[in-house]
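Just so we're aligned: the sequence shown equals residues 576 to 1374 in this note's numbering.
Ideal Cβ positions, reconstructed from N, Cα and C, are used throughout, including at glycine.
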Amino acid sequence: MKHREIIEQLTLAEKAALMSGKSVWETKDFPEKGIPSVFLSDGPHGIRKQEGSGDHLGLNASVPATCFPTAATLANSWDPNLVEEVGVALGAEASSLGVHVVLGPGLNIKRNPLCGRNFEYYSEDPYQAGKMAAAMIRGLQSQGVAATPKHFAVNSQELRRMASDSVVDERTLREIYLTGFEIAVREGNPKAIMSAYNKINGIYANEDKRLLRDILRDEWGFTGFVVSDWGGSNDHVLGVENGSHLEMPGTTTVGQKELIVAVQSGRLSERVLDERVDELLQVVLELAAQEKRSIHPEGQHRLAQRAAAESIVLLKNDEQILPLKAEKTVAIIGEFAQNPRYQGAGSSLINARQVENTVDSIVDYSLTVVGYAQGYQRIDQPDETLVTEAIALAKQADTVLYYMGLDEISESEGLDRSHLNLPQNQLYLLGKLAAVHENIVVVLSAGSVVDMSWTQHVKAVIHGYLAGEAGARAMLDALTGIVNPSGKLSETYPVNLADVPSSKDFPAEGDYALYREGLYVGYRYFDTSKKAVHYPFGYGLSYTTFAYSDLLVHETGISVTVTNTGTCAGAEVVQLYVGKEDGAIFRPKKELKGFAKVYLEAGQSKEITISFDDKTFRYFNTLTNSFEVEGGVYQLYIGTSVSDIRLVAEVTQAATTDQLPDMAGLERYQSGQVDQVTDEEFARLLGRPVPVESWTIGQELRLNDPLLKLQYAKSGLARLIYKLLHHLLKKAEKKGKPDLNLLFLYNMPFRALAKMTGGMLDQQMVAAILVIVNGHFIKGVSQLWKAFRAKNSYQKQLS
Ligand code: BGC
């Protein structure tokens, strides 16, 4: 132990107290014993520091801070150096605000486009997500603060997020859902990591010894601390025993009591508790000793603009309508041009310091603007007056810049979408505009995939994603050609939502989220099964063109020459995909294994090298329980997207084992046609029977059932509470703003009431409430009273 001297001075009660926070955002301190407190804050694309009383989903506004583009946006830059720069700026800002631990980056895999938090995550591909996250972590931590990659792991839906079991086979777990975290940990060396709310194959992530100790620490070399997601600690004793350190938020002594009792009864060894305290102190002491950094808000803002600009994706540009020509007149249409959508809702919501908008900023550009029309209501409802005004304005201009996108309610923590459509009122106006105008340029704002079937009616589509506070100018720079778009999509845009194999059961409504599609997430599915898509992974246009030549394979990687064959400077993202046509081990046709962004002047050529690494040829072998390489010939595809491959070469690799898992009975996984996987085939892949829902309507509710199940409670009062909750949620939805605290409650299991009610309830009291909910009113009330008295007398002893 590194901090034996301190730990030996601590009482059991003090050690137990250190494993929970002292408030929503701070760790517990014992200054007289040399233990300081550190401050934790969200979130991935800015610092959300709440002062005064904290409420982890942001009812109380946080202090103003720079709002950078969200992770989904930055990923489109495919530029780890840029992401690292943003990390440095975020780290400095955190430090300047007295924040020691930044709760990000978020790098869950975009398993399905409907996940409400996709805007907070990087990619559908673990290699890309891992590289981006590692860069962000390096940047953040260079400023003396800790990064906290999250949510570890397999946390890809919001519905029942704290009460859902992600059922996934071992190989998919390791290759898809853990590889991003592996890269983030090995290459970023984060000082903290946040465990996910959900279970993985029956075990809460925060209590999973294999995940938190065997894989994270022993295999990947993690030396930081594990923090639970807010309210995500189920059995605190088991969590601490199995490698979790800090239960958050820490507004009660409930967790402390649980640990004390566990040590006293012999359930938890005090040696293990000491070990966790030691590991936590290692980071806390280091962070608290750091000097405060300072920032220049204007510099931060300009970096936010550059980051947004380099992440813009040009999706369509017929007749080279973009960049806009100075002599042409433009009409600006759409509410988002006045009030941009630049971030998503939830714990990541930044109180942005300086939000720019298009209508005010455009005066600084040499464009002839005929005017601005709002065009549609922000909340999806018809408004013919706005439509008429917009059409009249459009008719006066050579080009229409139509600002469209998802509304607030579509991109929120706690709420998955139910479809991919843009708001109907925006599409309605598009139809009307297209009927009178030929030159429509759509400027899109959305942090995740949307239906694109309308693109045929417009000449150009340029996508800024959720671009942060300076996104408006970044977009104007791209529209006018000051910046040449160089972003590429980090997720596939399907033709229909139903084409995505996980869509049949997404979000999973019952206890289990069955990851039936296995490895075939995103492009891995579409590319292998040859299903048409609207825009493929890795896709994005430029105002110039690039040619590829001279692909050479070396022992340590590939080299290829890229030439800018157009008339203006621009940047290209060269992508390396690897496949094995004759593999005995099933695998996607191509998998991303490297990329490089290169900037080229018009006419310039450069030789690019992409190195192989330990991930290039590996697959996870469930027999040897480790990553192995299958022997034989591999295809190396060099492309400008997964479906636009420019050059192919081959390379031979030696096998690392001759033990090959049995692939019999896994035909759909071999062909990649995983949209119809049966229970039998999935069970084969899992190596165990597919779990069957163990709860049916009429059964008693359990501690780990989410509050949304109150609708089925035996107690009439409980059902009434559900109706109220549901009514308030729908009311908020109609207003167009998600109510995050209600959403949190809706998805929260009963047991979390003990940790999320500021000390009012403990586990025994929650168990008694459940007795009431299940229709045994008198028994429940009597148990509640007893538990209440026991809790109060224990609390008195502690204080
Ligand atoms: C979110 C985390 C966030 C935490 C603290 C949770 O609800 O899942 O991502 O860091 O709240 O705000």
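Beta bridge pairing from DSSP links E1182 with T1136.
Taken through DSSP and simplified to helix, strand or coil, L682 comes out as coil.
By the criterion of a C-beta distance shorter than 6 Å, M707 is surrounded in its chain by A650, V658 and Y697, once the five residues flanking it on both sides are discounted.
Going by DSSP, E1255 is part of the alpha helix (DSSP H) stretching over D1254 to L1261. With 16 or more other Cβ atoms from the protein chains shown falling within 10 Å of its own Cβ, N1139 counts as buried. E988 has its Cβ nearer than 7 Å to a heavy atom of ligand 1. In the three-state reduction of the DSSP assignment, D849 falls in the helix class, which pools H, G and I. Taking 8 Å as the cut-off, the beta carbon of A969 is found no closer than this to the beta carbon of T904. If you keep only unbroken beta strand (DSSP E) runs of at least 3 residues inside the stretch 822–895, you get 888–892.
If you draw a straight line from the Cα of G1214 to the Cα of T1103, it comes to about 16 Å. Around the CB of S1269, fewer than 16 other CB atoms lie within 10 Å, so the residue is classed as exposed. By the neighbour-count criterion, in which a residue is buried when 16 or more other Cβ atoms sit within 10 angstroms of its Cβ, D1254 is exposed. Taking the Cβ atoms as the reference, K1063 lies roughly 4 Å from G1115, within the contact range of under 8 Å. Taking one beta carbon from each stretch, the stretch 908–915 and the stretch 978–997 have 3 or more pairs nearer than 8 Å; the two touch.
DSSP places F800 within a strand segment (E or B) once states are collapsed to three.
The straight-line gap separating the alpha-carbon atoms of K608 and A588 is approximately 14 Å. In the three-state scheme derived from DSSP, where H, G and I count as helix and E and B as strand, F605 is classed as strand. At least one heavy atom of ligand 1 is found less than 7 Å from the C-beta of L678. Of the candidates F1170, E959, E816 and I1272, the residue whose Cα lies closest to the Cα of V847 is E816. At least 8 Å separates the beta-carbon of G1113 from that of T1184. W805 counts as buried, since at least 16 other C-beta atoms from the protein chains shown sit within 10 angstroms of its C-beta. Within the DSSP bridge table, the entry for D1219 names S1216 as partners. In this structure, G1240 has its CB at a distance of at least 7 Å from all heavy atoms of ligand 1. Assignment of beta-bridge partners to S616 by DSSP yields V677.
Comparing C-alpha distances from A863 to each of S886, G1097, D604 and R713 shows the shortest one belongs to D604.
Taking each of A1053, R1091, Y1110 and V1058 in turn and checking the Cα distance to Y1068, the smallest one comes out for Y1110. Taking C-beta separations shorter than 6 Å and ignoring five residues to either side along the sequence, the partners of G755 in its chain run L682, P701, A704 and G705, following chain order. The bridge partners DSSP lists for E1225 are Q1210. Separation of the CB atoms of L1278 and A1342 is rounded to 7 Å, and the pair is thereby assigned contact status at 8 Å. For the stretch 1279–1324, there is no continuous beta strand (DSSP E) assignment of 3+ residues that stays within its boundaries. CA-CA distance, Y772 to G825, rounds to 16 Å. Here the stretch 658–667 lies against the stretch 708–721, with 3 or more beta-carbon pairs under 8 Å apart. Taken through DSSP and simplified to helix, strand or coil, H578 comes out as coil.
With the rule of 3 Cβ pairs closer than 8 Å, the stretch 1048–1061 does not count as touching the stretch 1001–1011. In this structure, the straight-line span from the alpha carbon of H675 to that of A667 is close to 10 Å. Looking at S1061, L1222 and V945, the one whose alpha-carbon comes closest to that of S1134 is L1222.
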